[in-house]
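Read the structure below first, then the notes.
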Amino acid sequence: MSLEQEVTVSVDSFYLGAQSDPAEQRYVFAYCVNITNQSEQQVQLLSRYWQITDGNGKQTEVSGEGVIGVQPQLAPGETYSYTSGAVLETPVGTMQGYYEMIDQKQQSFRTPIPLFRLAQPHILN
Numbered sequence: 001m002s003l004e005q006e007v008t009v010s011v012d013s014f015y016l017g018a019q020s021d022p023a024e025q026r027y028v029f030a031y032c033v034n035i036t037n038q039s040e041q042q043v044q045l046l047s048r049y050w051q052i053t054d055g056n057g058k059q060t061e062v063s064g065e066g067v068i069g070v071q072p073q074l075a076p077g078e079t080y081s082y083t084s085g086a087v088l089e090t091p092v093g094t095m096q097g098y099y100e101m102i103d104q105k106q107q108s109f110r111t112p113i114p115l116f117r118l119a120q121p122h123i124l125n
């Protein structure tokens with residue numbers, strides 16, 4: 001199994017109604033990410049890439065160093081969790097992407113972030 005498959009990502013998203021303003025087409029979401037290192041070696045997250053798509057099909061790409069200002073190292077078996085957010089112009093959208101990582105030998109690899117939905121409650125059946 002490759003490192004890309006041994007470092008896994010799961011995401012839970014939440015609508016933040018108190019920070020949203022539908023009249024202004026402002027829908028705010030938080031998402032909690034869990035990155036788990038199931039490999040036998042330490043890895044480090046260097047950067048992130050996100051593709052955010054709103055309900056109108058508008059795509060935004062976001063990339064940068066680390067996550068929430070850090071480049072975490074994960075020992076074998078360790079999970080790193082963080083929470084961040086996104087603002088959309090529609091009540092529904094999706095996010096997906098990848099993390100650029102390195103292993104102990106400084107070999108780089110990408111860990112995919114699976115597609116997940118951002119949705120205002122009760123907007124979808």
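Numbering (UniProt numbering), first residue to last: 1 to 125. The beta carbon of each residue, even a glycine, is placed where N, CA and C say it ideally should be.
Residue range of the beta strand (DSSP E) that includes residue i
i           : result
residue 54  : 43 to 54
residue 102 : 92 to 102
residue 35  : 27 to 37
Whether residue i touches residue j by CB criterion (8 Å)
i           : j           : result
residue 41  : residue 104 : yes
residue 53  : residue 94  : yes
residue 51  : residue 101 : no
residue 119 : residue 87  : no
residue 37  : residue 7   : yes
Where residue i sits in the DSSP three-state scheme
i           : result
residue 61  : strand
residue 73  : strand
residue 118 : strand
Between the CA atoms of residue j and residue i - distance to the nearest angstrom
i           : j           : result
residue 17  : residue 31  : 14 Å
residue 98  : residue 121 : 26 Å
residue 111 : residue 68  : 17 Å
Does the pairing of the segment 19 to 32 with the segment 72 to 79 give three or more beta-carbon distances under 8 Å? no
Can you confirm whether the segment 53 to 72 touches the segment 11 to 26 when touching is taken to mean that 3 or more C-beta pairs between the two stretches lie within less than 8 Å? no
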